[in-house]
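To start, the structure itself, in C-alpha cells.
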Amino acid sequence: MLKVIDSAVPVACWSCSVAHNDATLFCPHCSKIQPPPGSDFFSVFGLTPRLNLDLPELEHEFHRLSRRLHPDRFARAGENEKQWSLADTALLNDAYRTLKEPIHRTEYLLKLHGAEIGEEHSGKDRKDPSRVPADLLEEVFELNMQLEEMRLERTTGEADPVLQASLEQAKRKFDGLLDEVDHDLRAQWQAWDEGDIAVRQSAQKTMVALLDRRRYLSNLVRDVTETLGV
Amino acid sequence: MAYSDKVVDHYNNPRNVGTLDKSSTEVGTGLVGAPECGDVMRLQIRVNPETQVIEEAKFKTFGCGSAIASSSLATEWIKGRTVEDAMAIKNTDIVKELSLPPVKIHCSVLAEDAIRAAIGDWKKKNGVAETAAAETSAH
Ligand code: FES
Ligand SMILES: [Zn+2]
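The listed protein sequences derive, respectively, from chains A and B. The numbering used here numbers the first residue of the first sequence as 3 and each following residue consecutively. The numbering used here numbers the first residue of the second sequence as 2 and each following residue consecutively.
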C-alpha cells in the first residue's frame with residue numbers, strides 16, 4: 003500500500019528555512035526547487051485526491067512544472083538542485099501519466115485507500131462474491147473458445163463465416179458492456195468526490211468490483227479485435 | 002519476465018488439456034477467473050462413484066503462462082487422488098513446485114480455486130455435503 007503523507011506536516015525549506023507543505027516541488031516562499039516529496043501524485047499538482055479532474059488544467063500544470071524543472075535551468079545550480087531537478091521531473095512524469103488516464107487514476111486512488119488492485123492483489127479477499135462476476139465468466143470463456151476455433155480455422159485457411167459473424171456480434175455486445183462499466187465508474191467518481199467517509203467507502207468497494215469486471219471485458223475485446231482484425 | 006523451466010515445460014507441453022462431458026453426473030466442472038488480470042480457467046474432473054477417486058482431469062486456460070502451467074500441474078496432481086485428498090492441494094504447493102514469483106501467485110490461486118470449484122460442482126451434483134473436515138485439513 004502506498005503511504006499518504008499527512009500534508010499538514012510542514013517541512014523547512016533547505017534554502018530559506020521557511021516551513022512549507024511537503025508536497026510542493028518549489029518553495030512557495032523563495033521559489034527554490036525542493037527534493038522530491040514523498041507524497042501522493044495528486045499533491046504534486048497541488049490537488050487533493052479526487053476522480054473528476056480538469057484534464058486541460060492538469061496538462062497545463064504539467065507543462066508549466068516541466069518547464070520549471072527543466073535540467074537546463076539548473077546548469078549552474080548546486081549538485082543537489084541538479085539531482086532534484088531530475089528526480090522531480092521523473093516524479094512529475096509518473097504522476098501525470100497516472101492521473102491523466104482515467105482507469106489508472108481510479109486504480110491509483112483506490113490503492114491510496116488500501117484496495118488491492120491488479121497484480122498486487124494477494125487473492126485473500128477473492129471469496130468475496132462481489133469480486134467474482136460469475137455471470138460474466140461463462141460468456142468470457144465461451145467466447146475465448148470461439149476465438150481459438152477461429153484462429154485454428156484461419157491457419158487451415160477456411161474461416162467459417164457463421165463463426166465470424168457471431169464473433170462480430172459478440173464484440174459489439176462486449177464493447178457495449180465495457181461502455182456500461184465506464185459509465186458506472188464515472189457515476190462512482192462523482193459519488194466519491196462529493197461524498198462523506200461512508201459514501202466514499204461504499205464507492206470504493208463498487209469501483210474495485212467494476213474494475214475487476216472491466217479487466218475481463220477489456221481482455222476479451224482486445225483478443226476479439228486482434229483475431230478479427232477490425 | 003523469465004519463467005522457470007518447469008513453467009516453460011508445462012506451457013510447451015500442457016498435460017490434460019481438454020473437455021469432459023459437463024452433463025455427466027460423474028463430472029465436476031469449475032470455471033474461475035482472476036480479477037487481477039482477467040484470465041479465465043476451466044478445470045474438470047471425472048470421479049469414480051464407487052471409490053471417489055478422480056480418474057480423469059482436464060483443463061482449458063485462457064491466460065498467462067503461469068496460469069497454464071498451474072492448471073496443467075493441478076490436473077497432474079489431482080489425478081489418482083480421492084476427492085478429499087485433492088482438496089488438500091494448496092496454491093502455495095504450486096508456487097513452490099513452479100517457482101512462481103510474487104506477481105504470479107494469483108495464477109496459482111486461480112488453479113486452487115478451479116480445483117475447489119470442480120470438486121464443489123461434483124459434490125453438489127452427487128448430493129455430497131461439503132465436509133468441514135476437508136476444509137479445515139486444507140488450511
Ligand atoms: S497473470 Fe493472471 S492468471 Fe497469470
Ligand atoms: Zn524557500
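Backbone N, C-alpha and C fix where the C-beta goes; we use that ideal spot for every residue, glycine too.
Heavy atom of ligand 1 within 7 Å of residue i beta-carbon
{"i": "residue 122 (chain B)", "result": "no"}
{"i": "residue 100 (chain B)", "result": "no"}
{"i": "residue 159 (chain A)", "result": "no"}
{"i": "residue 113 (chain B)", "result": "no"}
{"i": "residue 107 (chain B)", "result": "yes"}
Short CB-CB distance (under 8 Å) between residue i and chain B
{"i": "residue 43 (chain A)", "result": "no"}
{"i": "residue 156 (chain A)", "result": "no"}
{"i": "residue 131 (chain A)", "result": "Any reading at residue 131 (chain A) is ruled out, since the residue's pLDDT is 46, under 50, leaving its predicted position unreliable."}
{"i": "residue 214 (chain A)", "result": "yes"}
{"i": "residue 221 (chain A)", "result": "yes"}
Minimum Cβ-Cβ distance from residue i to chain A less than 8 Å
{"i": "residue 99 (chain B)", "result": "no"}
{"i": "residue 34 (chain B)", "result": "yes"}
Cβ-based neighbour list, residue i, same chain, cut-off 8 Å, excluding 5 preceding and 5 following
{"i": "residue 131 (chain A)", "result": "The pLDDT assigned to residue 131 (chain A) is 46, lower than 50, so where the model puts this residue is not dependable; a value taken from the coordinates is nonetheless given after this. Excluding sequence neighbours, residue 131 (chain A) sits near nothing in its chain."}
{"i": "residue 223 (chain A)", "result": "173, 176, 177 and 180"}
{"i": "residue 148 (chain A)", "result": "165, 168, 169 and 172"}
Contact test: residue i Cβ vs ligand 2 heavy atom, cutoff 7 Å
{"i": "residue 87 (chain A)", "result": "no"}
{"i": "residue 13 (chain A)", "result": "no"}
Beta-carbon contacts of residue i that lie in its chain and below 7 Å, excluding the five residues immediately before and after
{"i": "residue 30 (chain B)", "result": "23, 43, 45, 119 and 122"}
{"i": "residue 106 (chain A)", "result": "100"}
{"i": "residue 115 (chain A)", "result": "206"}
{"i": "residue 30 (chain A)", "result": "22"}
{"i": "residue 109 (chain B)", "result": "71, 92, 95, 96 and 101"}
{"i": "residue 111 (chain A)", "result": "51 and 53"}
Pairwise C-alpha distance: residue j and residue i
{"i": "residue 48 (chain B)", "j": "residue 96 (chain A)", "result": "52 Å"}
{"i": "residue 106 (chain B)", "j": "residue 92 (chain B)", "result": "8 Å"}
{"i": "residue 14 (chain B)", "j": "residue 55 (chain B)", "result": "22 Å"}
{"i": "residue 34 (chain A)", "j": "residue 95 (chain B)", "result": "54 Å"}
{"i": "residue 64 (chain A)", "j": "residue 97 (chain B)", "result": "45 Å"}
{"i": "residue 41 (chain B)", "j": "residue 35 (chain B)", "result": "6 Å"}
{"i": "residue 5 (chain B)", "j": "residue 65 (chain B)", "result": "13 Å"}
{"i": "residue 183 (chain A)", "j": "residue 209 (chain A)", "result": "10 Å"}
{"i": "residue 81 (chain A)", "j": "residue 87 (chain A)", "result": "10 Å"}
{"i": "residue 77 (chain A)", "j": "residue 119 (chain A)", "result": "41 Å"}
{"i": "residue 17 (chain A)", "j": "residue 28 (chain A)", "result": "11 Å"}
{"i": "residue 6 (chain A)", "j": "residue 66 (chain A)", "result": "Confidence at residue 6 (chain A) is low in this model, with a pLDDT of 49, below 50, so the placement of that residue should be treated as unreliable; the coordinate-derived value is given next. Near 25 Å, if we compare the C-alpha coordinates of residue 66 (chain A) and residue 6 (chain A)."}
{"i": "residue 221 (chain A)", "j": "residue 144 (chain A)", "result": "14 Å"}
Contacts around residue i, its chain only, beta-carbon distance under 6 Å, and the 5 residues preceding and following it disregarded
{"i": "residue 143 (chain B)", "result": "One cannot answer for residue 143 (chain B) here, as it falls past the ends of chain B, which runs 2 to 140."}
{"i": "residue 20 (chain A)", "result": "31"}
Partners in chain B for residue i, counting only beta-carbon separations shorter than 8 Å
{"i": "residue 110 (chain A)", "result": "Going along chain B, no residue has its Cβ under 8 Å from residue 110 (chain A), so there is no contact; the nearest lies around 16 Å."}
Under 8 Å from the C-beta of residue i: neighbouring residues of chain A
{"i": "residue 41 (chain B)", "result": "139, 142, 143, 146 and 218"}
Neighbouring residues, chain A, relative to residue i (Cβ below 9 Å)
{"i": "residue 65 (chain B)", "result": "Chain A residues near residue 65 (chain B): none, gap ~10 Å exceeds 9 Å."}
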